[in-house]
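Peer 1: Heads up, the sequence shown is in our numbering, so the first residue is 58 and it goes up one at a time. We treat Cβ as the ideally placed atom computed from N, Cα and C, and that holds for glycine. Quick caveat, the model's predicted, so the values are computed rather than measured.
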Amino acid sequence: MYLVEDQQIKFVLYLTEGWIILELDLNGINVDSLVQMLKASFTLDNWDGILQIADRLYTEINTFYNVNQQEHARGQKVSRHGLKRSIVYYFGYSMCLKGIALEKLGRYNEARECVAMYEELGWINGMDEERWAEVEYYREIAKANRYIIELREGNISVLPDYLVFLRKNEEEVLPGVLYILDSAIKHGYNVDHVLEEFREQIDSMGEYYETKRNVRYYIDYIYQEARYYSIQGKMEYAIDTLLRSLESSVKLKDDTGFRKSAALFELLRNQNQATSDQLDKYLSLMEQILD
Numbered sequence: 058m059y060l061v062e063d064q065q066i067k068f069v070l071y072l073t074e075g076w077i078i079l080e081l082d083l084n085g086i087n088v089d090s091l092v093q094m095l096k097a098s099f100t101l102d103n104w105d106g107i108l109q110i111a112d113r114l115y116t117e118i119n120t121f122y123n124v125n126q127q128e129h130a131r132g133q134k135v136s137r138h139g140l141k142r143s144i145v146y147y148f149g150y151s152m153c154l155k156g157i158a159l160e161k162l163g164r165y166n167e168a169r170e171c172v173a174m175y176e177e178l179g180w181i182n183g184m185d186e187e188r189w190a191e192v193e194y195y196r197e198i199a200k201a202n203r204y205i206i207e208l209r210e211g212n213i214s215v216l217p218d219y220l221v222f223l224r225k226n227e228e229e230v231l232p233g234v235l236y237i238l239d240s241a242i243k244h245g246y247n248v249d250h251v252l253e254e255f256r257e258q259i260d261s262m263g264e265y266y267e268t269k270r271n272v273r274y275y276i277d278y279i280y281q282e283a284r285y286y287s288i289q290g291k292m293e294y295a296i297d298t299l300l301r302s303l304e305s306s307v308k309l310k311d312d313t314g315f316r317k318s319a320a321l322f323e324l325l326r327n328q329n330q331a332t333s334d335q336l337d338k339y340l341s342l343m344e345q346i347l348d
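1. Taking Gly-139 as the reference, give the member of Arg-131, Asp-102, Asn-123, Ser-90 with the closest Cα.
2. Run the CB neighbour count on Gly-183, radius 10 Å, all protein chains shown included, and call it buried at 16 or more, exposed below.
3. For Asn-166, does the three-state DSSP call read helix, strand or coil?
4. At the level of alpha carbons, what is the spacing between Trp-104 and Tyr-150?
5. So, Ala-241 versus Tyr-285, is the Cβ gap smaller than 8 angstroms?
6. Helix, strand or coil, according to DSSP, for Gln-330 in the structure here?
7. Taking Cβ positions, are Ala-349 and Leu-159 nearer each other than 8 angstroms?
8. Rounded to the nearest angstrom, how far is the Cβ of Val-88 from that of Leu-114, given a contact under 8 angstroms?
9. For Phe-68, name the three-state secondary structure that DSSP assigns.
10. Confirm, please, whether the CB-CB distance from Tyr-194 to Tyr-204 is below 8 angstroms.
11. Give every residue of the same chain whose Cβ lies closer than 7 angstroms to the Cβ of Tyr-165, excluding the five residues on either side of it in the sequence, and list them in chain order.
12. So Ile-181 is in the alpha helix (DSSP H); what residue range does that whole segment cover?
13. Report the option in Gly-290, Ala-201, Tyr-175 whose CA atom is closest to the CA atom of Met-152.
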């Protein structure tokens, strides 16, 4: 169970058509706690949980906004009711996270509908300069997420435009390259030029990516790069990259990354793809774990 701001998150189990369904009991949880739950669920790749929490957050903030507008229309003082962020943030964040979850689940048309809900938030009343900046932020994120959905479906015609976006938004480079690698692996096209362009930039930010918050992105990037090179037939480079992924997984204590990298290494080793030097390095890494 999650524990968010001393509120225990309850789960409801029920049986429908032979399936056990897990639902979150989100009653009585305030919007800022819902935001924290969304962040935790994103870290855990809990996409189904995100759908439930995001819908609840959107409903709660929409209700708050409507009451807020009614109070304003009656000339009453409008209260923030303890909100830590702006209305724009909650509307945008709820639909942005829901859209990402739907995209991860392969529900692309629904994901596009979510993107449409946060790409233009200028309809919200009571805006100031800071709020308009948030509107613009979500507009840019929506543009990028539309590109990602297209790439996930194999529409590589959007790749040049997406690369323009990444060049302007350094913090999006690592997750962006991950999406490109995922698409290239799934649909079988060459992105060597993308990896070459951003490799130095990603490597130079290694310490930033090696924080607890970003470690999954970083390890997954190295692992997916290894997968990509193996599919492209560049086996020696693929295995060298896998060894780097294993080293980073051990160093950063990332069990998920380690298991995936070790499994792929064993697969390639059984195909007699690894050199003697690579096998020695692999065995040395395994011995480090046993020490």
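Peer 2: The answer reads as follows:
1. Gly-139 has its Cα closest to that of Ser-90, out of Arg-131, Asp-102, Asn-123, Ser-90.
2. Exposed, by the Cβ-count rule.
3. Asn-166 falls in the helix class under three-state DSSP.
4. Near 15 angstroms, if we compare the C-alpha coordinates of Tyr-150 and Trp-104.
5. Yes; because the gap between Cβ atoms is below 8 angstroms, this pair is in contact.
6. If DSSP states are grouped into helix, strand and coil, Gln-330 belongs with coil.
7. For the chain, the structure presents residues 58 to 348; residue 349 sits outside this window and is missing.
8. That pair is a contact at about 6 angstroms.
9. For Phe-68, the predicted structure reports a pLDDT of 42, less than 50, and the residue's modelled location is therefore unreliable. A value from the coordinates is still provided. Phe-68 carries a strand assignment under DSSP once its states are collapsed to helix, strand and coil.
10. Not a contact, by the Cβ cut-off of 8 angstroms.
11. So the list reads Ile-206, Arg-209, Glu-210, once near-sequence residues are dropped.
12. Annotation: Ile-181 is outside any alpha helix (DSSP H) and is labelled neither H nor E by DSSP.
13. Closest by alpha carbon: Tyr-175.
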